[in-house]
Amino acid sequence: MLFTGRENRIFDAYVNIGSLEKEVLLLRKLYPQAKFIVAKSELKIIDDCSFKIIDDLKGTDICLIALEAPNKWQIICEHLRCAPPTDSFPEILDLGQRPLSDEENKATEV
5 MLFTGRENRI
15 FDAYVNIGSL
25 EKEVLLLRKL
35 YPQAKFIVAK
45 SELKIIDDCS
55 FKIIDDLKGT
65 DICLIALEAP
75 NKWQIICEHL
85 RCAPPTDSFP
95 EILDLGQRPL
105 SDEENKATEV
């Protein structure tokens, strides 16, 4: 669905998309009006995957948000030009990039 490039796609959100690292340029091409939001820590050295995603998104409508920022909803909503939700921003422990299961690996090898 994501890579069909349908013009009627109104909203989709993808979280923790390190697995799409190799597809960023295709996403830019399919969705030239897309708004990208990348969360990263200001306290940690950026990993190669995140660096490549950010680099490939240069020149797009991108918002870099620090995981440590106290006003994440404000930053995101200003980028999206919408009102912030009434709920607080969800703060959950990031498990990082998880490896694909063996079945998923086999499916991609076919």
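In this note's numbering, the protein residues as written are 5 to 114.
Each residue gets a CB set at the ideal place from its N, CA and C atoms; glycine is no exception.
A quick note: this is a predicted structure, and the numbers were derived from the prediction, not measured.
| Item | Value |
| --- | --- |
| Terminal residues of the beta strand (DSSP E) in which Asp-65 lies | 65 to 70 |
| Cut-off 6 angstroms between Cβ atoms - residues of its own chain near Asp-60, not counting five sequence neighbours on either side | Val-28, Leu-29 |
| Opposing strand residues paired with Ile-41 [DSSP bridges] | Cys-67 |
| Counted within 10 angstroms of its Cβ, other Cβ atoms place Ile-79 as buried (16 or more) or exposed | buried |
| Per-residue burial, Leu-71 [other beta carbons within 10 Å of its own, 16 or more giving buried] | exposed |
| Proximity below 8 angstroms, CB of Ile-58 to CB of Ile-41 | no |
| With 16 other Cβ atoms within 10 Å as the buried cut-off, status of Leu-31 | buried |
| C-alpha gap between Phe-89 and Trp-77, whole angstroms | First, the residue type needs correcting, since residue 89 is Pro and not Phe in the sequence shown. Straight-line Cα distance between these residues: approximately 8 angstroms. |
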